[in-house]
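> My structure is below; once you've seen it, I'll send some questions.
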Amino acid sequence: IVILKEKLDEFTSSLVKLSIFQPVDISVIEKDIYSLKKSDIEKETAYLEDLELKLNNLAKRLNIPLKLKELKSFNIETIERILDDISKEFEPLFNKYEELKNNLKTKELSFLHLKKYFPLPIKLDKNLTFLDIFFGSISQKDLNIILEKLKGINYLFYPIKSETDGLKFMLICLKKDSNFIKKILQETSYKSLEFLPQEKEVYKDLEDTINFEIKKIKEEIKDINEKIISLSRKNEEILKDIYTFIRVKKSVISAKEYFYTTDKTAIIFGWVPEEEKDKLVSILKKLGCEFYIEEKKTKELNLPKEEIPVKMKHNKFIKPFELLIENFDLPRYGTIDPTIFVAISFLFMFGAMFGDLGHGLLLILIGLFTRRSKKDKIKKISALLIYSGISSSLFGILYGSFFGLECIPSILINPMRDIFGAFKISIIFGVILISFGILLNILNALRDRDYIKAIFDKAGLVVGIIYWLILGLIVKLFIKNSKVEPIYTFLIFIFLTILFLRPLIEMFFNKERKENIFIMFMENFVEIFESFIGYFANTISFIRISAFSLAHIGLFLAIFELSKIVKDIGGGILSILVIIFGNIFIVFLEGMIVTIQTLRLNYYEFFSKFFV
């Protein structure tokens with residue numbers, strides 16, 4: 005795309021809003037592009053990051069949670085002026101607030117320690133932990149000098165009695181400032197005095213004075229705090245608008261990193277989904293200037309498919325399961341999208357391991373509650389919780405379980421009463437999922453026209469046939485009065501032989517390959533051995549579905565037994581509390597463990613067969 009340089013920011017902002025454009029450094033594709041110069045974004049990026057830092061600090065001090073809103077347009081200079089104006093209004097309030105808080109802390113600390121020594125006669129020893137106390141007299145002239153020099157230091161000054169030779173006073177300070185104050189006092193007419201028994205009324209005066217000052221400071225703090233809250237409310241929306249603008253602007257600048265410029269034009273390269281091309285043209289037309297656009301299909305570019313970006317497209321039901329795919333990796337361009345298979349396998353395995361009608365309904369309620377969030381990712385997680393809750397509820401009905409109570413008849417199977425039946429269902433599901441993984445790998449290889457991979461890969465057709473033949477042989481061996489047909493062993497031998505001859509077949513079709521034939525056969529043998537060990541482990545791994553369904557029931561039994569024990573000790577209320585909190589524990593802790601196990605079976609046993 006070629007547009008006028010002056011329209012670059014406007015165009016890029018529109019692209020970012022629509023999220024249909026993936027910028028790319030064209031030098032990767034077109035080697036003669038080096039004659040053009042890239043957009044200079046370093047200064048703009050640094051300036052924007054400074055503004056963002058200023059915004060974050062201001063929002064934090066005003067206790068404003070920054071959230072994305074509908075985008076509003078700003079001028080960078082306007083943003084800086086707004087932030088400066090808010091800071092100028094806020095800083096004096098904040099500084100005053102901090103000063104008052106420090107004064108309050110000092111006075112409360114002083115009063116707390118004074119109580120140890122009053123009422124008089126006082127025993128002033130020098131073992132105070134935090135404070136130091138000076139008691140003496142000073143001339144009025146020197147008093148003003150001292151008070152001037154003590155500015156910036158936290159202290160309490162209490163005049164006690166005016167006399168002809170000066171003022172009798174008490175000064176309380178922090179231990180860390182004691183030496184400094186002592187030095188200042190020594191430079192004046194200060195005379196240290198001892199407390200006298202007739203001065204018992206000093207304590208009462210000091211107590212009243214300190215209490216009055218503490219009360220006054222608290223009122224000032226409350227007043228300042230109300231002003232800060234008012235300022236926060238007044239500026240909350242504008243700061244959120246600025247936050248949204250800065251986030252979008254940063255995305256725009258990030259995109260501009262891939263753009264090239266001449267004196268008057270900007271040259272933009274990138275990917276756009278074919279069905280979104282009209283939207284891109286519409287944006288260009290709205291700019292109100294001439295533009296040039298050149299289109300190339302992916303087939304016209306001599307690029308590895310790994311470098312072509314992928315955008316998944318699903319309906320509202322399937323879309324939340326994209327999170328599970330993205331958490332692993334995005335499928336390569338041109339391969340079959342596995343999201344629908346993951347949706348089915350995830351819900352089946354989660355429901356089977358977490359099968360309980362009551363717990364399923366709880367998950368649905370949690371999902372409905374969190375669904376109100378404006379964040380897209382939270383909405384997707386909420387949808388997954390609802391779907392998982394529905395699956396758990398359905399399996400709970402099949403198991404006949406409601407909060408661990410068998411109050412409804414089981415329809416299909418009770419894992420605790422038919423353990424081997426549960427294991428059998430788990431293994432059958434595992435075989436089906438692994439088979440789908442092999443099938444997807446074969447189809448992806450055929451799409452790439454890689455026929456050698458489709459036939460001889462570790463998840464290719466030959467390995468798949470051997471896997472299914474061995475499974476058939478094992479089933480025959482375990483069925484009573486069943487005769488193992490010789491055809492099974494014969495076919496396994498034939499396909500194993502074909503698999504071992506893979507190096508020769510590859511050399512025949514790829515004559516440029518010049519590796520040592522012995523090394524190729526050894527590598528092939530090790531790969532075959534590892535593959536079949538892996539398939540055996542993958543298949544057995546699905547037993548964990550029934551194992552965790554048993555663990556789910558076992559935890560219920562443990563909770564009910566514990567409730568019976570505490571019932572004898574603390575009565576029925578304690579027993580009910582154990583059941584309630586025990587169920588909460590199962591929902592959150594085991595729910596998390598089951599989710600991890602479900603993802604593990606998908607990622608390692610299923611994805612490992614085809615995901616590239």
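Residue numbers for the sequence shown follow this note's numbering, beginning at 5 and rising by one. Cβ coordinates follow ideal geometry from the N, Cα and C atoms, glycine included.
Looking only at its own chain, which residues have a Cβ that is under 8 Å from the Cβ of Leu87, when we skip the five neighbours before and after it?
Here the set comprises Leu55, Lys58, Leu59, Leu62, Ile246.
> Can you give me the Cβ contacts of Leu450 inside the same chain, cut-off strictly under 8 Å, excluding the 5 residues immediately before and after it?
Ala458, listed in sequence order.
> Looking at the structure shown, is Thr599 part of a helix, part of a strand, or coil, going by DSSP?
Correct three-state label for Thr599: helix.
> Please state the DSSP three-state secondary structure of Tyr162.
Of the three classes helix, strand and coil, the one that applies to Tyr162 here is strand, per DSSP.
> Is the CB of Ser234 under 7 Å away from at least one CB in chain D?
The chain inventory of the structure shown lacks chain D, comprising one protein chain alone.
> Three-state secondary structure (DSSP) at Lys301?
It is coil, neither helix nor strand.
> From Phe611 to Thr543, what distance separates their C-alpha atoms?
When rounded, the distance between both Cα atoms is 14 Å.
> Would you be able to state if there are at least three C-beta pairs under 8 Å between the region 95-107 and the region 275-284?
They do not touch, by the three-pair rule.
> Beta strand (DSSP E) containing Ala463: first to last residue?
No beta strand (DSSP E) holds Ala463; DSSP gives it neither H nor E.
> Pick from Phe533, Asn229, Leu189, Glu112: whose alpha carbon is nearest that of Leu135?
Measuring from the Cα of Leu135, the nearest candidate turns out to be Glu112.
> Where Leu365 and Leu566 are concerned, what is the direct C-alpha to C-alpha distance, given to the nearest angstrom?
Going by the C-alpha atoms only, they are around 24 Å apart.
> Quick check on Pro419: buried or exposed, where buried means 16 or more other Cβ atoms within 10 Å of its Cβ?
When all chains shown are included, Pro419 counts as buried.
> The beta strand (DSSP E) with Ile370 in it runs from where to where?
Unbroken run through Ile370 is the alpha helix (DSSP H), 361-374; no beta strand (DSSP E).
> Run through DSSP, which three-state label would Pro27 get?
Correct three-state label for Pro27: strand.
> Just the Cα atoms here: how many angstroms apart are Lys379 and Phe440?
Looking at the two C-alpha atoms, the distance is approximately 34 Å.
> Any idea if Lys127 is buried or exposed, counting beta-carbon neighbours within 10 angstroms, 16 or more meaning buried?
Low per-residue confidence applies at Lys127: pLDDT is 48, beneath 50, and the placement is therefore not dependable enough to give any value.
> Near Leu328, which residues of its chain fall below 6 Å by C-beta distance, leaving aside the five closest residues on each side in sequence?
Correct list, in chain order: Val346.
> Output needed for Gln26: all residues of its chain with C-beta closer than 7 Å, excluding positions within five of it in sequence on either side, in chain order.
Hits under 7 Å: Gly274, Trp275, Pro313.
> Buried or exposed: which applies to Val479, given that a residue is buried once 16 or more other Cβ atoms fall within 10 Å of its Cβ?
With fewer than 16 Cβ atoms within 10 Å of its Cβ, Val479 is classed as exposed.
> Counting only the same chain and skipping the five closest in sequence on each side, list residues whose C-beta sits under 8 Å from that of Asn158.
Only Asn106, Asn107, Thr110, Cys177, Leu178, Asp181 meet the Cβ criterion.
> So the candidates are Thr168, Met174, Gly156; which of them puts its Cα closest to the Cα of Tyr162?
Residue Met174 is the option with its Cα nearest to Tyr162.
> Under a three-way DSSP split, which group does Tyr101 fall into?
Helix, per DSSP.
> Is Gly274 close to the ligand SAH? I mean its beta-carbon at under 6 Å from any heavy atom of the ligand.
Ligands in the displayed structure: none, and consequently the ligand SAH is not present.
> With a 10 Å radius around its C-beta and 16 neighbouring C-beta atoms as the bar for buried, classify Ala356 as buried or exposed.
That one is buried.
> Can you tell me which of Tyr51, Ile394, Phe427, Ile250 puts its alpha carbon nearest to the alpha carbon of Phe358?
Phe358 has its Cα closest to that of Ile394, out of Tyr51, Ile394, Phe427, Ile250.
> Would you mind stating whether Phe460 and Arg506 have Cβ atoms separated by less than 7 Å?
Cβ atoms of Phe460 and Arg506: closer than 7 Å.
> Which residue wins for smallest C-alpha separation from Phe499, given the options Gly538, Lys303, Gly425, Gly468?
Of the listed residues, the one whose Cα sits closest to Phe499 is Gly468.
> Can you give the Cα-Cα distance for Asp341 and Lys613, rounded to whole angstroms?
So the alpha carbons of these two residues sit roughly 14 Å apart.
> Tell me the rounded alpha-carbon separation between Leu475 and Ala555.
For Leu475 and Ala555, the distance between alpha carbons rounds to 28 Å.
> Drop a sphere of 10 angstroms on the beta-carbon of Gln144, count the other beta-carbons inside from all chains shown, and report buried for 16 or more, exposed for fewer.
Exposed, since its Cβ has fewer than 16 Cβ neighbours within 10 Å.
> Measure the alpha-carbon distance for Val6 versus Arg85 and round it to whole angstroms.
The straight-line gap from Cα to Cα measures roughly 34 Å.
> By the 10 Å Cβ neighbour count, where 16 or more other Cβ atoms means buried, how is Leu151 classified, buried or exposed?
The residue is exposed, with fewer than 16 neighbouring Cβ atoms inside 10 Å.
> For Phe134, write down the residues that DSSP places opposite it in a beta bridge.
Beta-bridge pairing links Phe134 to no other residue.
> Excluding the 5 residues preceding and the 5 following Tyr455 in the sequence, name in chain order all residues of the same chain whose CB lies nearer than 8 Å to its CB.
Excluding residues within five positions, the ones whose Cβ falls inside 8 Å are Ala449.
> Give me the DSSP bridge partner(s) of Gly140.
Paired residues: Phe173, Ser196.
> Our contact map puts Lys11 next to Leu291 with C-beta atoms below 8 Å; I'd like the distance itself, whole angstroms only.
About 5 Å; that satisfies the 8 Å criterion.
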